[in-house]
Every structure is written in C-alpha cells, then in structure tokens.
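Right, one structure below, let's go through it.
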Amino acid sequence: MVDDDGTISFALSINGEFTFHNADDTKALSVTSSTTSANDIAFRRGVLLVQYDRDGVLRWAKRLGNAELEPTGKTYSVSGLHRVGDRLRLVGTAVGSTRDQDVTDELIFGEGEASEERVPVRRRAQFGFVASFDAETGDFVPDSVILNVPSQPATQYGLRHNGTGIGSPSDDSSFVLGMLFVGAAGEYILGANTSDPLQISVSQQFVGAFVRYTGASRRAWMRFVGAETSGASIHSSAMLLNGASLFSGAAGDEADVDDGLQGTHLPVGAGAFLVRYDSNGSLEWMRGLTRPFSALVVDDEDDDAVFALGTGDGTLVFGVGDEDAETREIQGPFGSRLSLTDGTLVWARSLSSSTATFRGLNFLDGALVLSARADGSFVVQPGEADEDTITSTAIWSGSIRFDRDGKYLGTTPYVIHPGTRLNDGLNVGAVINLPR
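In the working numbering, the protein residues as written are 1192 to 1627.
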C-alpha cells in the first residue's frame, strides 16, 4: 500500500533468509538464522511488515511469528494490510504442521523489541489473526490482536482468514474479512483471546463466513455460505464508506447464502457468487457466477463501479439465472467492471494465454492498472479491434492499463527474465507504485 506522501508499506510471508536493499542497491537489512551485524535480525519464519520511504530507503521491518518454537512446516499467509488513521491493520493466517497437540504456543509480535507482545495460542493448528501496528514506527499496538481459532487441536480442524483484502475501512474505521472453516464439522472460537469470545458450530466441511468488525475491532455481524454436497470459500472482499460490503467466492450448486433472515440459494448452475450486504448485515443483492473474483477494488463510489479480477476457462456467465445475465467467452485472466448498485456486468477485458495471470489491480491517475505475469507471449483483448500481441521469449512481468470504460491504454514491462530460478520473487505481483 502507498500513502499520499509516497511511503510504501507491505507484508511478506517468509520461510528462510531474506535481504532488503535500498533504491541505490546498498544493503539495508538481512533476515538470517543468526545475526552477524547491526543490519541483521534473527528471524526465519513468519511475517515481516516492511516500510520504505518514497525515495526507496528502508525505514523499518517488524517481525511477527515464533521461529524458535514453530516446526519447520509452519507457514503464514497475509490476507490484507490497510492504513486506518495512525495505524496499519494486518490480517493473516498461521498454519502449523505439528498438530493433534493441545499445547500452549505463543504468537510473538516484535520479538526482542520494546513493544514485544506474546499472545498465547493453545494449539498449533490453523488459526487466523488480526493485529495493528503504528504506521510511523511499525511498533506493535498492545491489545490489538484478535485470534480466531478452532476449538479442537486435531489435524482436521483449521480456520483461515481467506481471500484477498480486508475491505477498505469505512468512515468509522470498521472493516470486513472472509473466513473459511476447514475440515470436519466442529466448533470454532472467534476472538478467543478477547473479552467477548464467540463459539460457533459448523455442520459441513469448508464453510465460509463474511464478518464485519467495528473500528474498535469488535464483531458487528457475521453471515455464512455453505452447501451440503460441496465446500465453499471466500476469494475477495471490499468495503464502502457507508459500511456496505462486497464478497466474492466459490460454492456448490444451490449453496445456502446467509441473508440475515432465513437464507437464500445460489441459482442452479452458479459455482461462485458476488454478494453485497448493507452495514447491518442484510443482503442487498446476490449475483451467481460461473467463476469467482480473485480481487475487488472500489475506487470511486459515485462512479457506481466495482472492478474485479478473475480467470476464465471458457464460457463465463455473470448473473446466472438472472434476466440481465451477461455471457462472455474468456480463456485466461480477465479484468472487469460491475455496477455497485446491482452487480450487473458493464465490461470484461481479458488476456489470451495459458500461463498469464493478473496478480493485483489499483488506480493511478484515473487509469485502472493491473499487474500481470506471463511465461512468454500473450494477447491483450483477443478478438477485439484493439487486440495487442505482446511478444516475449522469457517470463514477462509488468502492468496492463485500461480506462474506466474499458478502453485499452497499453502495457508497461517491468522485468523480463529467463526464469532460471524456481522462486524468482515475481510470482507475487501487486500494484504498489508505478512510473508515471
């Protein structure tokens, strides 16, 4: 994320050594198994929250995790990071390989720092967390942690903060996130470390939940999605200034979607959904889709638009079962614009490639900028009048731009490389800052 003054903040999930450099290529910090200099920190597994100034100079890097006690297979994922006033709010998931143990573990924020805080976690299985940090110093904000956990420590139980984004904060700093209850039917505890924990039971595997929190990080409401014959998942979320929220995900045919009253069903033939809830958790509208959206962005609410990313595998239907349904033939990644008012499709633009992917989207100077990666050549706008073939004999990483009406504005390559390393660091693409 980029602040108005050009400050760049981001979170990284790491499992190994890592080195940060400044824009002039001087070494700023190394993350190692043991420190050897003032520019080293001992840390190998967990999340690093990092901030650079607008000139590309590293300001700080803060640790989240517990590498000493955690097993080698411990992994972390980050769902979203947002600026809320003078704080950075981080949402993620920890997944442990050591399970079936009812032991006390600790999630450590800022290990070895003055603001260090150790939050007990009674199980090493999969759990979700929310935490806040000072936006200027990166110091952990005490008592800001929320732990959402399975009641059982067994292998088949887990809870994930699922999908990209936690919803841009509304006027009152409230936020939304998607959860996924993984495994056998069982019980879960939301806010397990808080003064108002909530224990819930689910009767199916892979049940999804939409949750809204207040600005004080207290649950306002939650709604569920699931099916008796198949699982469900949450892929992306967004939030409006008035507290309304959007979620997209996948679910089985005729899955149950919680509308705050008695529930409603996805239409026959829809394997995915886009839903909008008002600030009180009442369902305003639901659109059945054949494929879920992997990212949602609302840039200007007055423009009545939500922009979304997805991947097509043939015939895609936006609004399954609706009279105003739109059908598109899309093979590969696509960007789209839909109406905030009712979820109807306005336009969709795609890439033709079996290897191309869109990794993120944002706005710059009024243009929609999509970060992309492809293992070789690809076609933008296949079959359209402005079709554009991008030729590459190597792995291409860069951005593709459209205006709000879907007009193609061009591409900008950032890195073209032979891909000789298995993990080249470019697989995780996001729109952070772009040359003008």
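Glycine included, C-beta positions come from ideal geometry on N, C-alpha and C. Owing to the predicted nature of the structure, the values given are computational and were not obtained by experimental measurement.
Heavy atom of the ligand ZN within 7 angstroms of residue i beta-carbon
i     : result
Y1404 : Here there are no bound small molecules, and the ligand ZN is not part of this structure.
Burial state of residue i (16 or more Cβ within 10 Å)
i     : result
L1500 : buried
L1480 : buried
I1607 : exposed
K1218 : exposed
E1514 : exposed
A1565 : buried
A1305 : exposed
D1291 : Summary for D1291: the model assigns pLDDT 48, below 50, so the residue's position carries little reliability, and this model does not support an answer.
V1459 : exposed
G1399 : buried
R1409 : exposed
T1506 : exposed
A1423 : buried
R1309 : exposed
A1407 : exposed
G1382 : buried
Residues of its chain near residue i, where Cβ-Cβ distance is below 7 angstroms and the 5 sequence neighbours each way are ignored
i     : result
G1601 : R1592
R1278 : S1323, F1324, D1325, A1326, V1332
N1213 : A1219, G1247, V1248, L1249
Delimiting residues of the beta strand (DSSP E) encompassing residue i
i     : result
R1564 : 1558-1566
V1570 : 1569-1571
D1296 : 1296-1300
F1366 : 1366-1374
P1524 : 1517-1530
D1215 : Careful: D1215 lies outside any beta strand (DSSP E) and carries neither H nor E.
T1385 : That residue, T1385, is in no beta strand (DSSP E); it is neither H nor E in DSSP.
D1325 : 1318-1325
P1341 : 1337-1341
L1452 : Looking at the DSSP string, L1452 is not in any beta strand (DSSP E), and its letter there is neither H nor E.
M1430 : 1423-1430
E1475 : 1474-1480
N1553 : 1548-1555
R1592 : 1586-1593
L1542 : 1536-1543
M1413 : 1410-1417
D1504 : 1496-1509
S1268 : 1266-1275
When the options are compared against residue i, the one with the closest alpha-carbon
i     : options                    : result
R1245 : S1427, I1205, G1197        : G1197
L1135 : A1486, I1337, S1588, W1538 : Beyond the ends of the chain as shown, which are 1192 and 1627, falls residue 1135; an answer cannot be given.
D1387 : Q1453, N1339, L1298        : N1339
D1444 : T1603, S1221, A1463        : A1463
V1367 : D1330, T1328, L1431, A1376 : L1431
S1541 : D1493, G1534, A1563        : A1563
D1194 : E1302, Y1243, N1206        : Y1243
D1495 : A1407, L1529, V1275        : L1529
F1569 : A1383, A1585, M1370, P1341 : A1585
D1469 : D1579, D1533, N1213        : D1533
R1403 : I1199, D1216, E1520, S1473 : S1473
S1485 : A1429, G1417, L1452, N1384 : A1429
I1199 : R1254, E1208, G1329        : G1329
L1239 : G1276, F1300, R1467, S1335 : F1300
Straight-line gap, residue i to residue j (C-alpha atoms, nearest Å)
i     : j     : result
D1596 : V1393 : 43 angstroms
V1241 : G1574 : 42 angstroms
N1614 : F1549 : Reliability of the predicted coordinates at N1614 is poor, the pLDDT of 37 falling under 50, and no value is obtained from them.
G1237 : V1286 : 10 angstroms
S1439 : F1397 : 15 angstroms
S1545 : G1377 : 39 angstroms
G1454 : A1547 : 37 angstroms
I1391 : V1373 : 13 angstroms
V1508 : E1517 : 6 angstroms
F1525 : Y1379 : 36 angstroms
K1598 : S1365 : 34 angstroms
L1465 : E1302 : 40 angstroms
P1311 : G1512 : 48 angstroms
D1577 : Q1343 : 55 angstroms
G1523 : D1556 : 27 angstroms
E1492 : T1223 : 45 angstroms
S1270 : L1281 : 8 angstroms
T1266 : S1204 : 8 angstroms
G1247 : A1539 : 35 angstroms
L1536 : Q1395 : 32 angstroms
H1273 : N1433 : 17 angstroms
Same chain, Cβ closer than 6 angstroms to residue i, five either side skipped, listed in chain order
i     : result
T1284 : S1268, G1319, R1351, H1352
P1483 : H1426, S1439, G1440, A1441, A1463
V1488 : F1498, L1552
T1603 : G1589, S1590
R1478 : L1465, G1510, G1534
S1421 : G1443
Cutoff 8 angstroms: residue i Cβ touching any chain B Cβ
i     : result
F1401 : Among the chains in the structure shown there is no chain B, since it carries only a single protein chain.
Spatial neighbours of residue i in its chain, beta-carbon cut-off 8 angstroms, leaving aside the 5 residues before and after
i     : result
A1558 : R1592, F1593, D1594, L1600
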